[in-house]
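Working notes, structure below.
Numbering (the numbering used here), first residue to last: 366 to 635.
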């Protein structure tokens, strides 16, 4: 029987994309640079949004950070070359299920921070060395956050925090901690988002898995699909037109492909 290869936990700022998996299968480099990779575990562990490998520190064993549904963050340290870890740190209660964890220099201080968000509308910046909380958004800002992504969508040097809060798409400045923009649409239910030029206009779009497409720079609503793009989404050019398609996963296994430039689901052909 063929053994299943171990999955990689590989996240730095951007969630794992289906495109990254496809590129690995094709032997091509991953989409984002500077990612921390670790051969660890089996199954879908490498795709969990609330699990990251912490940056390597000289003289320190590999560490893994996991956020759980009870509102706690855990750090585990590898105890041997085998896949055996031991818990070395547990956070205080973060007031809601932890839905995503990222690592990025979000405040442009030339040091990486841990960024986490909870379903109950909070997000926090943590020190990557000792895990103490550097900053948290006020508890009354948002009641619910359903999706988050880090990406530089303007002319400043740092990545913005893109998230869906209380049904609106929000662009948030992580350095100065303020809302740059929020959508007029208040019925957004997305649980995943990506950024890429999916219509060939040489301007990137924000793609939400519930079917909304926004211009990433000017924030205009470009299109609202009459149907969802799937529970999970990835980007990959599969018809050699230099424009990536949106590949969506439905019901945990079924894939559909969408041509955003043509505003339709890609038809199958024989």
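Yeah, the Cβ is synthetic: ideal placement off N, Cα and C, and Gly gets one too. Only a predicted model underlies this, so the values are computations on that prediction, with no experimental measurement involved.
How is the beta strand (DSSP E) around residue 423 delimited, first residue to last? Residue 423 -> no beta strand (DSSP E), and no H or E assigned at all.
To the nearest angstrom, how far is the alpha carbon of residue 538 from that of residue 426? About 33 Å.
Cβ atoms of residue 481 and residue 461: under 8 Å apart, would you say? With respect to residue 481, residue 461 sits apart: the two C-beta atoms are not nearer than 8 Å.
Among residues of its own chain, excluding the 5 on either side of residue 433, which ones have a beta-carbon nearer than 8 Å to its beta-carbon? If we look at residue 433 and ignore the five residues flanking it on each side, its Cβ neighbours are 415, 439, 462, 463.
Can at least three beta-carbon pairs, one atom from the region 493-500 and one from the region 550-568, be found at a separation below 8 Å? No, they do not touch.
Nonlocal neighbours in the same chain, by C-beta distance under 8 Å from residue 591, ignoring five residues either side: Same-chain partners within the cutoff: 576.
Quick one: residues in its chain with C-beta nearer than 7 Å to the C-beta of residue 436, no 5 flanking neighbours on either side, listed in chain order? Same-chain partners within the cutoff: 458, 459, 460, 461, 462, 463, 483.
Name, in chain order, the residues that DSSP records as bridge partners for residue 443. Beta-bridge analysis with DSSP links residue 443 to 450.
So, for residue 564: in the same chain, excluding its five sequence neighbours on each side, which residues have a beta-carbon less than 6 Å away from its beta-carbon? Closer than 6 Å at Cβ, skipping near neighbours: 625, 626.
Where do the N-terminal and C-terminal ends of the beta strand (DSSP E) with residue 580 fall, by residue? 577-580 is the extent of the beta strand (DSSP E) around residue 580.
Which value, in whole angstroms, describes the spacing of the CA atoms of residue 417 and residue 494? So the alpha carbons of these two residues sit roughly 14 Å apart.
Mind checking residue 617: buried by the 16 CB within 10 Å criterion, or exposed? Counting Cβ neighbours within 10 Å, residue 617 comes out exposed, since fewer than 16 surround it.
Do residue 561 and residue 527 have their beta-carbon atoms positioned less than 8 Å apart in this structure? No. Outside cutoff.
Cβ-based burial, residue 524 [other Cβ within 10 Å; buried from 16]: Residue 524 is buried by the Cβ-count criterion.
First through last residue of the beta strand (DSSP E) which encompasses residue 479: Note, residue 479: beta strand (DSSP E), 478-483.
Cβ contact check for the region 602-610 and the region 579-589: 3 or more pairs under 8 Å: No, the region 602-610 does not touch the region 579-589.
Quick check on residue 473: buried or exposed, where buried means 16 or more other Cβ atoms within 10 Å of its Cβ? Classification for residue 473: exposed.
Within the region 529-566, note down every full beta strand (DSSP E) run reaching 3 residues or more, in order along the chain. Taking 3 residues as the minimum length, the beta strand (DSSP E) runs contained wholly in the region 529-566 are 533-538, 543-547, 558-561, in order along the chain.
Mapping the DSSP letters down to three states, classify residue 411 as helix, strand or coil. The answer is helix: DSSP assigns residue 411 an H, G or I state.
Could you check where the beta strand (DSSP E) with residue 467 kicks off and where it finishes? Per DSSP, residue 467 belongs to the beta strand (DSSP E) from 463-469.
Using only alpha-carbon positions, find the residue among 593, 534, 544 that is nearest to residue 550. If we check each option's Cα against that of residue 550, 534 comes out closest.
Three-state secondary structure assigned by DSSP to residue 584: Reduced to three states, the DSSP call for residue 584 is coil.
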